[in-house]
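Here the protein sequences come in this chain order: D and V.
Per our numbering: the first sequence = residues 2 to 607.
Per our numbering: the second sequence = residues 8 to 385.
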Amino acid sequence: MAKLESRKYHIYLLFGFFFIVYICRLFYVQIIEKEFFVDRAKTDAVDKVVEFPVRGNIYDRNGKVLVQNEIAYDVMLTMKDFKVDTLKFCALLKIDTSEFKLRLKKIKNKSINKGYSSRIPQVFESLMKSEDFGGIKERLFNYKGVSVKKRTVRSYPRPIAAHVLGHVSKVGPRDLNRDQFYIPQDYRGSSGLELFYEKELRGAKGWHHYLKNRHGKYISKYLNGALDTTPRPGNNLKSTLDADLQEYGEMLMTGKIGAIVAIEPSTGEILAMINAPTYDPNLLVGGEYGANYQRLAKDKKKILFPRSIQSRQPPGSIVKTMQSLISLNIGVANEYTSFGCNKKLVGCHDHRNPLTLPEAIQHSCNPYYYNLVKKIFFKGRNGNMAQLRKGMDDWEKYVRSFGLGNPLGVDLYGEKDGNVPDVKEYDQIYGKNRWNYRTIYSLSIGQGEFSLTPIQMANLGVILANKGYYYTPHLIRQIGDEKLFFSDSNFYHKTLIDSSNFEIVHNGMQWVLERPGGTAGRSKLEGVTICGKTGTSQNPHGDDHSVFMAFAPRHNPQIALAVFVENAGGGGGTAAPIASLMIEKYLKRKVERLKLEQEIVEKVFY
Amino acid sequence: MQGIYNKIYGDKVIWGVIISLALMSIPIVYVGTDQLAQLRGGNFFYFVIKHAIILLGAFVIAYHVSKIKHGYLSRLSLILMLITVPLLLYTMLAGHSVDSAERWIKIPIIGLSFQSSDFAKLAVTIYLARVLSRKQGKLDDFKEVLKHLFFPVIIICGLILKSDFSTAALIMGGCFIMMFFGGVKIKHFAIISGLIVLLFTLLILLFPEGLQRLLTWVNRLLAFGDAAHEGNYQKNLAQASIYDGGAIGLWFDILPGNYGQPPQAASDFIYATILRNYGLIGGVFTIVMYLILFFRSIKIAKKCTKLFSTLLVIGLSSGLVLQAFSNMAVAVGLFPVTGQPLPMVSMGGTSLWFTAISIGIILSVSRETSSSKNEEIA
């Protein structure tokens, strides 16, 4: 019988082996690696349905709401059941028929709308505000195939601090690639604090797992909901902003282009950050987001430009305070050092002559600082080019210790650096050693290549108030329950100026407002000693910018600020009264100089 | 009852096996096709009724084939082989394509489609049984072995290879098992294996379009285990089905119909559907059924007085079992997707009837062996 008898065991062995392999494999699939296989198959047959978390709110320093969430409604259509009188439906949603057709086309186009199924509700109108929705709700539900999905949108009870708070927008392909967290329906912070603290604010999504059939209809919960998670709401943020002060500042800046930054000197907490012109943040929410954004972005006044951290401008005479401090610190001057007001050197206005150092601050004498800074550079000697270069290098170290020339590190993206002119820069502009003090003196009075952002100007006020140090200015003081301690050494910065040198400069700054001939005499505030310094930022394109940097009260300062108003002329005329009113608002909580307030509000510079 | 029992020809155990498999398959086909049925307008009974009718046909075929004296098949095989080659050539050139591989041909007039490879498999098995039994004395001569045994097998498999690699491989496997039992020398197997590899390479060089097919296969092999690969969609679903079934199965709970069934849950992936609904118990039961079929066939083969019958039974039964194992291997994730139906279980028209013919032949042999035994006793 051929080889059957002798060879049959080979075959028994072969099939027996098959049998064992199969049993092992089944055991493996069902018991050992079940999670793995179930996971792999889930994406095919189990639908993960997202439950969006509630985004964190943002409060001001006193617990007043700056940003909260509001219910909005997505109007959804289930195409299979959807049958309506197009005209009536369009009238209800206030769209025209061509728009209606376009939207349906987009919904049905699978290359755009990947998960399309005629049995699953598709978004037709997104984020309708509840007041709009309420009116049509009844009639909308009469249509077959129309359903509604609740979502939340950002809402701003007071239309303030738009640039600082920022806005949220729908995620794009880049976000989806960069961060696994996002899914196509997500919204994310795209500017301001919303962007910077996105990870804190967004929370975590909840997921529901549904079993679905071939048509994508949900049958039941997968594994009885064992894998389901509930969303974790985002953290609430407590901001350092004072909503009342912010609102007041924005009101003062009506009709003006510029910025105000106010900081609490003892902590670096930003009390107000005003960018003017501003806009109502509620405009960048919901259905009208796109159109409004376009309109704001195209406005010639650059409404969306966050000037307080991005506008680089010559600081003007406010740097005279810093020049004074440097000269005192390196010992080339003292309280009584005086120079004649030689207008041949650099333009000036008429004032008492000669002046001591605090008086030079009071009157903002330009020739005084021409001479003083020359003395800083040449260390009081008749120097040559080598001495000038070395002197400038030393000066630059001092200036940079004031946080100038680099972003301060505020908790917003896009903060600009400003510019501290140095030897290298002048070499580049004029050629190596082909310049001298006469060429570059304008930096002594804060003009020319010198530039600061408004927040750096305010921070200069902080340094003066603190007599030599500052904390990194910031906008958020608490995330969820966790308080942020910016007093950490990473946020503490000490300048190279000895604290004993400040009293002399403070005198001059006090006199700016309080003594006759001071450049901001009108801005004196009864009962509060304000130390300030005016500045006039020269601008090749038009009228000078008005600058004022101040802190108050002189002893135990509570607020330091800088006001920058474009094309508003000298610092004393516009910026100083604004700063003074801001101080009054913050320290007294109530402004009594209503006439001054009205005069300022009515000033228009564009 | 006794009357019907007596009228059934052949081995009762094998009858029991195929009846069990068929009965088991009906509810499975019903749940396995609900997605297909929905796509076709919601007649959920369409496929299961069609399957039941085909099964009935299969039993009729098996019954009638079992009455034929299988001795005639020996001579018939020459004619079958003569038909097979042009048939395969015709399929290759004119057959209509399912999944870009030409496997099917349509019989004019009747309008039934069948895979010519099913026909070829039957023909080559019978032919091999004939030649092996006749050339017993010349098996030491490599030239003879090559000419009469390996050569026809390689030609047939080669013709199928282009469109259906897995079937070609299965036929080759079945034939090798037959030759192994038929007494072909191990040394010759080794030489031939080397030659096949050589020929395979040559074929690829000669038919660049065949390369495309091969690449598909290589890709499948490479993508095997890569969960993200689109081709593994079915496989992943199948594995999840198996997991869902657990040890005792879901027994047609509402869950299975709607959740994650692979699209071919009633044919290529039917074993996964069995495991889901009947659990590990049902899965083992199915394997045991095929093992019983095989060992029972070996038993029948051993009883045969003619070598032709022995080899015929071994060839047919090992062909069926190999096919069953390859189907199951796909479903449990041991193999990449091949498209082999599970014999007597999978929904799938004519291939079921070819299975019925094979079983009919085995039954016919068993009938003759048992009757000869009866005669001896009498």
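The beta carbon of each residue, even a glycine, is placed where N, CA and C say it ideally should be.
- For D:Lys9, the C-beta contacts it makes with chain V under 7 Å involve Ile305, in order along the chain.
- Here V:Ile307 is not near V:Ser365, since their CB atoms are 8 Å or more apart.
- Under the criterion of beta carbons closer than 8 Å, D:Phe403 and D:Thr535 do not qualify as touching, at roughly 19 Å.
- Under the DSSP definition of a beta bridge, D:His164 lacks any partner.
- Inter-segment contact for the segment 470-482 of chain D and the segment 521-529 of chain D is absent: fewer than three beta-carbon pairs are separated by less than 8 Å.
- Following the DSSP letters along the chain, one finds D:Tyr472 inside the beta strand (DSSP E) bounded by residues 470-472.
- Interface annotation, V:Leu287: in contact with chain D, CB-CB separation under 8 Å.
- Taking a 10 Å sphere around the C-beta of V:Trp258, we find fewer than 16 other C-beta atoms and assign the residue as exposed.
- Taking 8 Å as the upper bound for CB-CB distance, D:Gln123 and D:Ile108 are in contact here, some 5 Å apart.
- Neighbours of D:Leu14 in chain V, taken as residues whose beta carbon is under 8 Å from its own, are absent, since the nearest beta carbon is some 12 Å off.
- Fewer than three Cβ pairs drawn from the segment 443-453 of chain D and the segment 190-208 of chain D lie within less than 8 Å of each other, which leaves the two stretches out of contact.
- With a contact defined as Cβ atoms closer than 8 Å, D:Leu409 and D:Val421 miss out at about 13 Å.
- Per the C-alpha coordinates, the member of V:Val191, V:Leu129, V:Ser124 positioned closest to V:Lys150 is V:Val191.
- Neighbours of D:Val30 across chain V, judged by C-beta separation under 8 Å: Gln246, Ile249, Tyr250, Val339, Gly340.
- Closer than 8 Å to the CB of V:Phe121 there is not a single CB belonging to chain D.
- Along the segment 270-299 of chain V, going in chain order, the ones with a CB nearer than 8 Å to a CB of chain D are Leu282, Leu287, Gly290, Val291, Ile294, Leu298.
- Put simply, the CB of D:Ile184 is far from chain V, with every gap to its CB atoms at 8 Å or more.
- Listed along chain D are Phe16, each with a C-beta nearer than 7 Å to that of V:Phe301.
- Residue pairing by DSSP puts D:Asn70 in a beta bridge opposite D:Arg155.
- Taking CB atoms only, D:Arg120 has no neighbour in chain V less than 8 Å away.
- Here D:Asp75 carries a strand assignment [DSSP, helix/strand/coil].
- The DSSP-derived three-state label of V:Met351 is coil.
- Across the structure, V:Ser27 and V:Ile255 are spaced so that their CA atoms are roughly 18 Å apart.
- Taking 8 Å as the cut-off, the Cβ atoms of D:Leu202 and D:Thr241 do not count as close.
- At least one CB of chain D lies nearer than 8 Å to the CB of V:Ile184.
- With fewer than 16 other Cβ atoms from the protein chains shown falling within 10 Å of its own Cβ, D:Asn110 counts as exposed.
- Our two residues, D:Gly574 and D:Leu326, have alpha carbons roughly 26 Å apart in a direct line.
- Annotation for V:Val295: the continuous alpha helix (DSSP H) segment containing it runs 277-310.
- The segment 270-280 of chain V makes contact with the segment 353-361 of chain V: 3 or more CB pairs, one atom from each, lie closer than 8 Å.
- By the C-beta density criterion, D:Thr98 is exposed, having fewer than 16 other C-beta atoms within 10 angstroms.
- In this model, D:Leu305 and D:Val147 are separated by some 37 Å (Cα to Cα).
- Within chain D, the residues Phe16, Phe19 have their CB atoms less than 9 Å from the CB of V:Val328, given in chain order.
- Check the Cα spacing between V:Ile162 and each of V:Ala130, V:Leu212, V:Leu146: the tightest is with V:Ala130.
- Put simply, the CB of D:Tyr23 is near chain V, with a gap under 8 Å to one of its CB atoms.
- For D:Met80, the secondary structure class from DSSP, reduced to helix, strand or coil, is coil.
- For D:Glu126, the closest alpha carbon among the candidates D:Phe101, D:Ile113, D:Tyr144, D:Ser112 is that of D:Phe101.
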